[in-house]
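In the working numbering, the protein residues as written are 279 to 555.
The structure appears right after this line, and notes come after that.
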């Protein structure tokens with residue numbers, strides 16, 4: 279959305295190393311004037327100095343990571359030291375739900391940012407629709423979840439989140455000191471399965487997996503690498519079993535200037551992309 283624009287500013291991506299990490303970014307982002315800076319240690323001078331010369335920082339930290347809060351604080355300190363004009367933090371819907379470790383980390387970062395004397399905007403997206411991979415679900419006919427399918431959750435299309443992020447980047451002064459809840463639809467996973475069945479033209483069901491078995495699957499796939507992450511995700515499963523995660527779409531609709539993308543629209547879009555391959 280931003281790279282093809284003639285008015286695209288110089289972009290510097292700061293990320294950690296991973297196999298073929300640079301190839302995951304568009305070729306245009308790997309060519310001057312843009313750049314990708316690979317830093318593996320947030321305590322290093324290399325990380326701190328990577329913020330030099332930046333006007334706007336868009337920080338989307340590592341979720342469910344033992345050092346998430348420390349990394350975010352260091353990014354804010356570096357931004358202030360190097361005179362960054364605006365800091366955009368990707369937080370989470372309802373960080374005040376402190377029983378959830380992921381939300382508590384975000385709450386810590388929001389508080390630190392508000393007291394950092396930086397100009398800021400805080401984006402609070404709920405669950406991404408992309409967490410349900412349409413191509414995989416279409417093939418298997420199942421949505422695997424580790425909690426009941428009859429509890430309501432709120433969702434948002436990451437493409438809509440990117441659009442709003444760009445609005446903030448292009449006019450940060452207008453969004454100074456704002457905290458925005460980014461929510462589209464609120465429904466149960468059972469309702470999502472029904473919606474996908476209609477959109478994809480085949481039966482889709484929820485595969486409700488016992489929590490311990492679900493956690494074991496995540497460990498074997500490498501999604502859980504340490505005890506901190508395991509504890510946080512297990513707590514999340516138990517929390518969702520009781521309360522889910524729900525919000526309101528009014529603020530997001532106002533920012534977009536239209537209704538957010540729905541599950542039906544998301545499924546159809548992804549199906550069309552898959553069919554075109």
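Backbone N, C-alpha and C define an ideal beta-carbon position, used for all residues, glycine too.
In the DSSP assignment, find the alpha helix (DSSP H) that holds residue 314 and state where it starts and stops.
For residue 314, no alpha helix (DSSP H) encloses it; the enclosing beta strand (DSSP E) starts and ends at 313-316.
Taking contact to mean 3 or more Cβ pairs, one atom from each stretch, closer than 8 Å, check whether the region 302-317 and the region 337-356 are in contact.
Inter-segment contact for the region 302-317 and the region 337-356 is absent: fewer than three beta-carbon pairs are separated by less than 8 Å.
Please work out which residues of its chain come closer than 6 Å, Cβ to Cβ, to residue 369, disregarding the five sequence neighbours upstream and downstream, and give them in chain order.
Hits under 6 Å: 384, 388, 400, 402.
Does the ligand FMN have a heavy atom nearer than 6 Å to the CB of residue 450?
With respect to the ligand FMN, the structure offers nothing, as it holds no ligand at all.
Per DSSP, residue 405 forms a beta bridge with which residues?
Residue 405 pairs with 433.
What separation, rounded to the nearest whole angstrom, lies between the Cα atoms of residue 329 and residue 336?
Looking at the two C-alpha atoms, the distance is approximately 11 Å.
Just how far apart, CA to CA, sit residue 417 and residue 427?
If I take the Cα positions, the gap works out to 20 Å.
Delimiting residues of the beta strand (DSSP E) encompassing residue 306:
Looking at the DSSP string, residue 306 is not in any beta strand (DSSP E), and its letter there is neither H nor E.
To the nearest angstrom, how far is the alpha carbon of residue 535 from that of residue 362?
Their Cα atoms are separated by approximately 29 Å.
Helix, strand or coil: how does DSSP classify residue 538 here?
In the structure shown, residue 538 sits in coil (DSSP, three-state: anything other than H, G, I, E or B).
Within 10 angstroms of its Cβ, does residue 455 collect 16 or more other Cβ (buried), or is it exposed?
With a 10 Å radius around the Cβ and a threshold of 16 neighbouring Cβ atoms, residue 455 comes out exposed.
In or out: residue 440 buried (at least 16 other Cβ within 10 Å) or exposed?
Classification of residue 440: exposed, given that the 10 Å Cβ count is below 16.
For residue 286, count the other beta carbons within 10 Å of its own beta carbon; 16 or more makes it buried, fewer makes it exposed. Which is it?
In this structure residue 286 is exposed. Its beta-carbon is surrounded by fewer than 16 other beta-carbon atoms within 10 angstroms.
Got a sec? Which residues, its chain only, sit under 6 Å from residue 352 by beta carbon, not counting five neighbours each side?
The answer, listed in chain order, is 320.
What are the partner residues of residue 474, as DSSP defines its beta bridges?
In DSSP, residue 474 forms no bridge with anything.
DSSP beta-bridge partners for residue 365?
The bridge partners DSSP lists for residue 365 are 335, 398.
Per DSSP, what kind of secondary structure is residue 224 in: helix, strand or coil?
Coverage of the chain is limited to positions 279 through 555, which leaves residue 224 absent and any answer about it impossible.
Beta carbon of residue 515, beta carbon of residue 489: below 7 Å?
Closer than 7 Å, so yes.
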